[in-house]
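Chemist:
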Amino acid sequence: MNPPHAVSIHEGEPLAVYSCPICFSPPSYAAMTPCGHLLCGECLFTAVKTTIQRGAYTLPPGERMIARCPMCEAPIPGWDGKGGGVIGLRPRAVFSL
Ligand SMILES: [Zn+2]
Ligand SMILES: [Zn+2]
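In terms of full-length UniProt numbering, the sequence shown opens at residue 1 and continues consecutively.
1. P60: buried (16+ other C-beta within 10 angstroms of its C-beta) or exposed?
2. Taking the alpha carbon of C35 as the reference point, which residue from P70, R54 and K82 has its own alpha carbon closest?
3. By a C-beta neighbour count over all protein chains shown, 10 Å radius and 16 as the cutoff for buried, is A30 buried or exposed?
4. For R68, which of helix, strand or coil comes out of DSSP?
5. So, with DSSP's three-state summary, where would you put A74?
6. Which residue spans inside the UniProt domain "RING-type" (20-73) form an unbroken alpha helix (DSSP H) run of at least 4?
7. Cβ of T46 within 7 Å of any heavy atom in ligand 2?
8. Only counting the same chain, and skipping five residues up and downstream in sequence, which positions put a Cβ closer than 6 Å to that of G84?
Here is the structure:
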């Protein structure tokens with residue numbers, strides 16, 4: 001009947017200790033924006049899509065909405081809604097809403 005050992009925290013895995021600023025959990029399918037913000041792929045896609053959809057109503061016709069980082073609003077060139085323009089997304093982590 002020994003007391004259980006203290007649980008040692010798993011170290012050396014930066015993603016495990018990093019919290020996504022949107023859902024506050026360790027990012028799954030982490031994606032990094034060109035400006036260096038790290039979020040879950042899902043959170044990033046949802047946030048950018050929401051921003052684009054919201055912006056589509058306020059933009060003058062013909063103007064193309066630019067994807068922006070949800071954290072600092074830096075533009076994400078090359079955003080195509082399928083993982084383009086961000087770093088670290090796996091090809092199969094495509095989220096369609
Ligand atoms: Zn998240
Ligand atoms: Zn950013």
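All residues carry an ideal CB built from backbone N, CA and C; glycine is no exception.
Modeler: According to the data block:
1. As a working mapping, residue 60 is identified with position 60 in the sequence shown. Looking at its Cβ environment, which holds fewer than 16 other Cβ atoms inside 10 Å, P60 is exposed.
2. The count along the sequence shown starts at 1 and reaches residue 35 at position 35. With respect to the C-alpha of C35, the residue from P70, R54 and K82 having the closest C-alpha is P70.
3. In the sequence shown, residue 30 corresponds to position 30, counting from 1. Buried: at least 16 other Cβ atoms inside 10 Å.
4. Indexing the sequence shown from 1 puts residue 68 at position 68. In the three-state reduction of the DSSP assignment, R68 falls in the strand class, which pools E and B.
5. Within the sequence shown, the letter at position 74 stands for residue 74. Coil.
6. Here the runs fully enclosed are 41-58.
7. For the purposes of this step, residue 46 is taken as residue 46 along the sequence shown, with counting starting at 1. Not under cutoff, so the answer is no.
8. Indexing the sequence shown from 1 puts residue 84 at position 84. Hits under 6 Å: G78.
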